[in-house]
Amino acid sequence: GAGVSQSPRYKVAKRGQDVALRCDPISGHVSLFWYQQALGQGPEFLTYFQNEAQLDKSGLPSDRFFAERPEGSVSTLKIQRTQQEDSAVYLCASSSWEPFAQETQYFGPGTRLLVL
Amino acid sequence: AQTVTQSQPEMSVQEAETVTLSCTYDTSESDYYLFWYKQPPSRQMILVIRQEAYKQQNATENRFSVNFQKAAKSFSLKISDSQLGDAAMYFCASNTGANSKLTFGKGITLSVRP
Chain A
0 GAGVSQSPRY
10 KVAKRGQDVA
20 LRCDPISGHV
30 SLFWYQQALG
40 QGPEFLTYFQ
50 NEAQLDKSGL
60 PSDRFFAERP
70 EGSVSTLKIQ
80 RTQQEDSAVY
90 LCASSSWEPF
100 AQETQYFGPG
110 TRLLVL
Chain B
137 AQTVTQSQPE
147 MSVQEAETVT
157 LSCTYDTSES
167 DYYLFWYKQP
177 PSRQMILVIR
187 QEAYKQQNAT
197 ENRFSVNFQK
207 AAKSFSLKIS
217 DSQLGDAAMY
227 FCASNTGANS
237 KLTFGKGITL
247 SVRP
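Quick mapping for you: the protein sequence lines, in order, are chains A and B. If you're matching positions, the first sequence starts at 0 in our numbering and goes up one per residue. If you're matching positions, the second sequence starts at 137 in our numbering and goes up one per residue.
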């Protein structure tokens, strides 16, 4: 079946602009994660959803970052008043609810955000 | 809290030869999972192999195998018969089970010489 998809793949924003990044998880996957990956670094956790409930948002770097998953499938990560330090690749991952599969996360291609 | 350390930033291997990528981790949890992910340049992160900490047997997936040393908190990846398509950044990662966030190392860039 189809994997995790993200859009847009690339986004250039002017400093101070708001952006919205979309994630479509694998069909039927209950859990959805957002990560931020700086250039040449490993991904870092931002937030986690189980269905529509945001159970962990401890990784969000500031109150300018907001995520939602209103119907338990598609998720949107919104960044308000973007700053240059927000430039990174934003990765979305999803995992199954099936036994012995819940630990493994499958990643989308990411959205590369550049803030000028 | 979990930490994952990859101390080698880069490695190179001759095509058809074997290479081992190192990873160490630290955790206070008794139940956890370890992963190796591959990220080709500008492409999607792909799961290579996973290991459950409660299993003593090392995981194997075709040309990829791990050496899991639980007491030493070491989790290395061995790639046998290296191919040009293996060139990528490799990340070691861990989590504490179902629906828990992954903690990643900084990654290692593997190049394969023809």
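Beta carbons: idealized from backbone N, C-alpha and C, even for Gly. All of these numbers come straight from a predicted model, not from anything done at the bench.
- Inter-residue distance for Arg199/B and Ala152/B is about 11 Å (C-alpha atoms, whole angstroms).
- Around Thr154/B, the same chain offers Lys214, Ile215, Ser216, Asp217 and Ser218 as residues with beta carbons nearer than 8 Å, after the five sequence neighbours per side are excluded.
- Looking from the CA of Lys191/B, the closest CA among Met147/B, Tyr169/B, Gln150/B and Ala223/B belongs to Tyr169/B.
- Close partners of Ala234/B in chain A (Cβ separation under 7 Å): Gln101 and Glu102.
- When secondary structure is reduced to three states using DSSP, Gln83/A falls in the helix class.
- Residues of the region 217-249 of chain B with a Cβ closer than 8 Å to any Cβ of chain A, in chain order: Phe227, Ala229, Asn231, Gly233, Ala234, Asn235, Ser236, Lys237, Leu238, Thr239, Phe240, Gly241, Lys242 and Gly243.
- At a cut-off of 7 Å between C-beta atoms, Ser30/A counts as an interface residue with respect to chain B.
- The continuous beta strand (DSSP E) containing Leu113/A extends over residues Thr110 to Val114.
- At a cut-off of 7 Å, the C-beta of Tyr169/B has a neighbouring C-beta in chain A.
- When Cβ-Cβ separations below 7 Å define contact, Gln40/A makes contact with chain B.
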